[in-house]
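Q:
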Amino acid sequence: MTLTLGTGPFAPKRGGEFNFDTAVLKPHTLYFESSPKRVRVEFGGETVVDTRRAKRLHETGALPVYYLPLADARMDFLEPTDHTTHCPFKGDASYWTIRAGGKVAENAVWGYPNPLSGA
Numbered sequence: 000m001t002l003t004l005g006t007g008p009f010a011p012k013r014g015g016e017f018n019f020d021t022a023v024l025k026p027h028t029l030y031f032e033s034s035p036k037r038v039r040v041e042f043g044g045e046t047v048v049d050t051r052r053a054k055r056l057h058e059t060g061a062l063p064v065y066y067l068p069l070a071d072a073r074m075d076f077l078e079p080t081d082h083t084t085h086c087p088f089k090g091d092a093s094y095w096t097i098r099a100g101g102k103v104a105e106n107a108v109w110g111y112p113n114p115l116s117g118a
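Using numbering that gives the first Met the number 0, the first residue of the sequence shown is number 0, and each one after it goes up by one.
#1: Whose C-alpha, out of Ser33, Thr1, His27, Pro8, is nearest the C-alpha of Asn18?
#2: Among all the DSSP beta bridges, which residues are the ones paired with Ala72?
#3: Take the Cβ of Val40 as the centre, count every other Cβ of all protein chains shown within 10 Å, and call the residue buried at 16 or more, exposed below.
#4: Looking only at its own chain, which residues have a Cβ that is under 7 Å from the Cβ of Leu126, when we skip the five neighbours before and after it?
#5: What are the start and end residues of the beta strand (DSSP E) that includes Pro79?
This is the structure in structure tokens:
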């Protein structure tokens, strides 16, 4: 089950009910949780990220995703790009291209260097 799709508790059409006034909930919800799991990202046969400090984001209308600390990434495999996007809930995203093991994935990594308050 995802918290933010279908009938999940933070989905637009949730299937259950809360025991408090839901007027305090925003129509678009970001729910972050620390992951107790080790998360490792491999690309081109190389370990690009290996962390036990991942955050999982549940966002209204989207499947859960992991956000990983750049401090746990092999920055020698990541090249910053000029590509940017804007999310009205998280802020402006910066992107990196992965180059590892002879493979390339353009703009495959993104992050929010200066996230909006609450993101």
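Beta carbons are placed, not taken as given, at the ideal position from N, Cα and C, and that holds for glycine.
A: To lay it out plainly:
#1: Pro8
#2: Val48
#3: buried
#4: Given a span of 0 to 118 for the chain in the structure shown, any question on residue 126 remains unanswerable.
#5: 77-86
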